[in-house]
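Residue numbers (the numbering used here): 470 to 592. Ideal Cβ positions, reconstructed from N, Cα and C, are used throughout, including at glycine.
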């Protein structure tokens with residue numbers, strides 16, 4: 470009788486642990502919603518035009534390895550430039566490609582006073 474009670478209690482405990490652990494393991498494969506490794510705070514100023522706000526939102530929502538790079542975001546400056554790489558094969562690849570994207574945007578728009586591109590966040 471005592472053996473059956475212990476067995477039943479053990480099964481209940483294992484079942485409870487599985488219910489608690491299962492959601493975490495299901496999410497472990499997706500990075501969606503994660504800000505990742507943040508190098509500096511990303512605050513897109515209110516009223517900003519252009520695509521950087523949307524690009525950062527896409528970065529945060531991306532399920533794979535991604536990175537967001539930008540020139541310094543200072544509310545007193547007139548503009549800033551950004552770049553992103555979403556769902557890359559690795560975090561390192563995403564970082565390199567996001568920096569290249571930011572630098573290409575600086576060249577495309579012939580921006581010289583916005584500062585250097587740097588990684589803001591990656592995952």
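Asked: Are there three or more Cβ pairs, one per stretch, closer than 8 Å when the region 555-567 is compared with the region 507-515?; Found: no
Asked: If we count the other Cβ atoms within 10 Å of its Cβ and call it buried at 16 or more, is residue 540 buried or exposed?; Found: buried
Asked: Rounded to a whole number of angstroms, what is the C-alpha to C-alpha distance between residue 603 and residue 548?; Found: What is shown of the chain runs 470 to 592, which leaves residue 603 out entirely.
Asked: Can you give the Cα-Cα distance for residue 629 and residue 582, rounded to whole angstroms?; Found: Past the edges of the chain, shown from 470 to 592, lies residue 629, and the structure says nothing about it.
Asked: Hey, how far is the Cα of residue 526 from the Cα of residue 555?; Found: 11 Å
Asked: Grab the span of the alpha helix (DSSP H) containing residue 577 for me, first residue to last.; Found: 560-577
Asked: Applying the 10 Å Cβ sphere with the 16-neighbour rule, what's the burial state of residue 494?; Found: Note on residue 494: pLDDT 37, under 50, position unreliable in the model; the coordinate value appears next. Looking at its Cβ environment, which holds fewer than 16 other Cβ atoms inside 10 Å, residue 494 is exposed.
Asked: Within its chain, find whatever has a CB closer than 6 Å to the CB of residue 492; leave out the 5 residues flanking it on each side and keep chain order.; Found: Low per-residue confidence applies at residue 492: pLDDT is 40, beneath 50, and the placement is therefore not dependable enough to give any value.
Asked: Could you pull out every residue in the same chain whose Cβ sits closer than 7 Å to the Cβ of residue 509, ignoring the five residues on either side in sequence?; Found: 589
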